[in-house]
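If you count the sequence shown from 1, position 26 lands on 26 in full-length UniProt numbering, and the numbers rise without skipping.
Idealized CB from N, CA, C, for every residue including glycine.
Here the structure is a predicted model, which is why all the values come from computation and not from measurement.
Remarks on the structure that follows.
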Amino acid sequence: MNVDDFKPASVDTSQAGSLDVGKGGEVNVSLPNTQDSGTTVYRGSKKPCPKECVLVVDRGKRTITLERLASTVQLKKIRYIFG
């Protein structure tokens with residue numbers, strides 16, 4: 001799976017985005033867009049996941065590692081922000 005598959009073409013990869021995690025587990029991700037067209041914003045929540053793992057394959061080092069996840073974040077793209 002490639003993370004870039006989930007990134008809109010309008011996101012400017014030459015600029016840094018921001019990731020904010022609130023005390024209640026609310027997560028906001030803001031990514032700058034190309035050609036001064038604003039930002040792409042995702043919102044969601046962080047939840048614990050006691051039984052989830054990720055298999056990390058490093059072909060350069062020729063290693064495979066099973067990592068346990070402490071939490072997951074599910075995000076949705078916010079279409080319009082008023083205010």
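Nearest neighbour of Ser18 by Cα position, chosen from Asn28, Gly24, Thr65 and Ser45, turns out to be Asn28.
In the DSSP assignment, Asp58 falls within the unbroken beta strand (DSSP E) covering Cys53 to Asp58.
For Pro48, the uninterrupted beta strand (DSSP E) run begins and ends at Thr39 to Pro48, by DSSP. Between Lys46 and Gly60 a beta carbon distance of about 30 Å is seen, past the 8 Å cut, so the two are scored as non-contacting. Counting every other CB atom within 10 Å of its CB across the protein chains shown gives Leu69 a total below 16, marking it as exposed. By the criterion of a C-beta distance shorter than 6 Å, Pro48 is surrounded in its chain by Ser71, once the five residues flanking it on both sides are discounted.
Within the model, the alpha-carbon separation for Lys23 versus Gln35 is close to 34 Å.
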